[in-house]
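Colleague:
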Amino acid sequence: MKAVLTFNGVEYPRTHNLGWLLDALKEQQLSLPPAADDLSILTPFGVLYRYDDAGLDNESDLSLDSAWALKRIKRVIVWATSQIEK
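Residue numbering for the sequence shown follows the working numbering, starting at 39 and increasing by one per position.
1) Tell me the DSSP secondary structure of Lys124 in three-state form.
2) Pop quiz: Pro51 and Val114 are said to be a contact at Cβ under 8 angstroms. What is the actual Cβ separation, rounded to whole angstroms?
3) Check Leu56 in the structure and name its three-state DSSP category.
4) What do you get for Gly41, buried or exposed, if any count of 16 or more other CB atoms within 10 angstroms of its CB means buried?
5) With a 10 Å radius around its C-beta and 16 neighbouring C-beta atoms as the bar for buried, classify Leu108 as buried or exposed.
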């Protein structure tokens with residue numbers, strides 16, 4: 039989503055908040071990725087797996103169906119590539 043925003047000249051703050059990025063796409067009237075409504079669920083995992091000190095007290099409270107997540111992530115990559123190659 040960041041690639042699509044950048045490609046379209048949209049400036050945005052440093053963020054891993056997928057909901058915020060989706061809102062930015064909507065505000066710019068840009069195409070949304072498939073299953074956009076589901077993507078915000080992944081936001082905590084971007085922070086959890088990127089930063090050792092993510093501030094989460096109990097990582098076991100977060101559960102994720104990895105097959106489900108991977109399917110959505112792949113669809114977002116295909117979508118983003120198609121938006122940039124237009």
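C-beta: ideal position from N, C-alpha, C; glycine also.
Modeller: The structure says:
1) Along the sequence shown, read from residue 1 onward, the residue named residue 124 stands at position 86. In this structure, Lys124 counts as coil in the three-state DSSP scheme.
2) Taking the first residue of the sequence shown as 1, we reach residue 51 at position 13. Taking the first residue of the sequence shown as 1, we reach residue 114 at position 76. Pro51 to Val114, Cβ: 20 angstroms. No contact.
3) Within the sequence shown, the letter at position 18 stands for residue 56. Helix.
4) One-based indexing of the sequence shown puts residue 41 at position 3. A quick correction: the sequence has Ala, not Gly, at residue 41. Label assigned to Ala41: exposed.
5) Taking the sequence shown and counting its residues from 1, the one referred to as residue 108 is at position 70. By the neighbour-count rule (16 or more Cβ atoms within 10 Å), Leu108 is not buried but exposed.
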